[in-house]
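**Q** First residue of the sequence shown? That's 6 in the working numbering, and the numbers climb one at a time after it. Even for Gly, the Cβ is constructed at its ideal location relative to N, Cα and C. Input: one structure, supplied below.
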Amino acid sequence: MTYTRYVALGDSQTEGLGDGDEVMGHRGWADRLAEHLARADPGLLYANLAVRGRTAAQIRDEQLAAALELRPDLATVMAGMNDVIRPGFDAARVAGVLEEMFAALVGAGARVVTVTFPDIGRIAPMARPLVPRVLDVNERIREAAARHGVTLVDTYPLAYVTDARMWGRDRLHASPMGHARFAAAVAHALGLPGSDDTWMAPLPAPPVPGVWRAAAAEARWLATFAGPWIGRRLRGRSSGDGRTAKRPLLAPVPCDHGGSPTMP
Numbered sequence: 006m007t008y009t010r011y012v013a014l015g016d017s018q019t020e021g022l023g024d025g026d027e028v029m030g031h032r033g034w035a036d037r038l039a040e041h042l043a044r045a046d047p048g049l050l051y052a053n054l055a056v057r058g059r060t061a062a063q064i065r066d067e068q069l070a071a072a073l074e075l076r077p078d079l080a081t082v083m084a085g086m087n088d089v090i091r092p093g094f095d096a097a098r099v100a101g102v103l104e105e106m107f108a109a110l111v112g113a114g115a116r117v118v119t120v121t122f123p124d125i126g127r128i129a130p131m132a133r134p135l136v137p138r139v140l141d142v143n144e145r146i147r148e149a150a151a152r153h154g155v156t157l158v159d160t161y162p163l164a165y166v167t168d169a170r171m172w173g174r175d176r177l178h179a180s181p182m183g184h185a186r187f188a189a190a191v192a193h194a195l196g197l198p199g200s201d202d203t204w205m206a207p208l209p210a211p212p213v214p215g216v217w218r219a220a221a222a223e224a225r226w227l228a229t230f231a232g233p234w235i236g237r238r239l240r241g242r243s244s245g246d247g248r249t250a251k252r253p254l255l256a257p258v259p260c261d262h263g264g265s266p267t268m269p
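So this is what it looks like as structure tokens:
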């Protein structure tokens with residue numbers, strides 16, 4: 006099937022943090038997927054409504070109506086991780102919000118793709134107490150996706166997804182490799198020309214750091230990334246305060262990245 010109007014809804018992962026920077030811009034998996042789509046149909050129009058720091062309810066309230074106005078025939082929805090890591094998390098409420106978005110987009114004629122979340126305790130050991138939340142919301146996402154015919158990319162069972170090389174130094178956002186792998190996963194789930202299952206291939210075994218080096222890495226992460234994040238939460242602030250979508254309107258996709266549109 007050929008898609009002509011792709012709209013991405015979500016938070017920082019869909020915005021593309023971890024794949025680029027604030028100066029040159031963030032690419033990310035949704036941009037990479039749009040490039041893949043445009044290789045098959047150069048007339049593709051693409052909008053990315055994602056904004057970092059948004060919870061599932063904020064994504065619904067701020068992005069869903071705008072997405073529906075753009076009349077997509079393909080939409081991706083990645084939401085919920087910012088809820089998982091906040092106090093007061095309610096898996097049923099988050100899944101209900103996601104299901105509202107699934108129903109609205111599918112009802113408007115869009116093919117919808119969504120995702121389950123990885124084992125965050127294997128990415129950042131301090132997050133291990135939150136793993137039951139991930140398991141709960143993942144199962145609810147699977148059920149909601151099945152009810153609405155939403156295409157699901159189930160990343161949780163894949164051990165390599167928690168490999169440090171798949172994540173940036175902040176352990177919150179995918180690395181360029183991670184974004185590329187996920188774009189390839191969605192392309193494969195959609196059956197796009199040129200896609201295959203190589204995105205599922207395990208990574209080569211990494212070198213094992215010594216105990217002291219690992220401990221030093223944990224201390225640096227806590228001071229550089231976890232500490233500031235906790236500070237923003239205590240002040241009621243978000244990394245997305247004052248930010249708007251990077252591609253709020255449908256526009257053609259420039260495919261000027263050499264090589265594969267999904268792999269770095």
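So for W226, helix, strand or coil by DSSP?
**A** Per-residue confidence for W226 stands at a pLDDT of 47, beneath the threshold of 50, marking its modelled position as unreliable; the derived number appears in the next sentence. W226: helix per DSSP, three-state reduction.
**Q** Helix, strand or coil: which one does DSSP assign to L2?
**A** Any property of residue 2 remains undetermined from this structure, which presents the chain solely from 6 to 269.
**Q** If we ignore side chains and look at the alpha-carbon of each, how far apart do A13 and A164 end up?
**A** Rounded to whole angstroms, A13 to A164 spans 26 Å at the Cα level.
**Q** So, does the stretch 109-123 touch the stretch 44-62, judging by three or more C-beta pairs under 8 Å?
**A** At 8 Å Cβ cutoff, the stretches do not touch.
**Q** Taking one C-beta from the stretch 28-37 and one from the stretch 62-74 each time, how about it: are there three or more such pairs within less than 8 Å?
**A** The stretch 28-37 vs the stretch 62-74: no contact.
**Q** Pick out whichever of T249, M6, V166, M83 has its Cα sitting closest to the Cα of P207.
**A** The shortest Cα separation from P207 among T249, M6, V166, M83 belongs to V166.
**Q** In terms of DSSP beta bridges, what is G15 paired with?
**A** In DSSP, G15 forms a bridge with M83.
**Q** Quick check on the burial criterion: 16 or more other C-beta atoms within 10 angstroms. Buried or exposed for T121?
**A** Counting Cβ neighbours within 10 Å, T121 comes out buried, since at least 16 surround it.
**Q** Relative to the C-alpha of M86, which candidate in P77, R57, L73, L79 has its C-alpha closest?
**A** Nearest of P77, R57, L73, L79 to M86, Cα basis: R57.
**Q** Ignoring anything shorter than 3 residues or poking outside the stretch 124-166, list the beta strand (DSSP E) runs there in chain order.
**A** Within the stretch 124-166, the complete beta strand (DSSP E) runs of at least 3 residues are 156-158.
**Q** Using the Cβ count rule (16 or more neighbours within 10 Å means buried), how would you classify G264?
**A** With a pLDDT of only 42 at G264, under 50, the local geometry of the prediction cannot be trusted, and the value read off the model is given with reservation. Flag for G264 reads exposed.
**Q** In angstroms, rounded to a whole number, what distance separates the CA positions of D88 and P130?
**A** Each residue's Cα considered, the two are about 18 Å apart.
**Q** Hey, is the stretch 132-143 in contact with the stretch 178-193, meaning 3+ C-beta pairs nearer than 8 Å?
**A** The stretch 132-143, when compared against the stretch 178-193, does not touch it at the 8 Å Cβ threshold.
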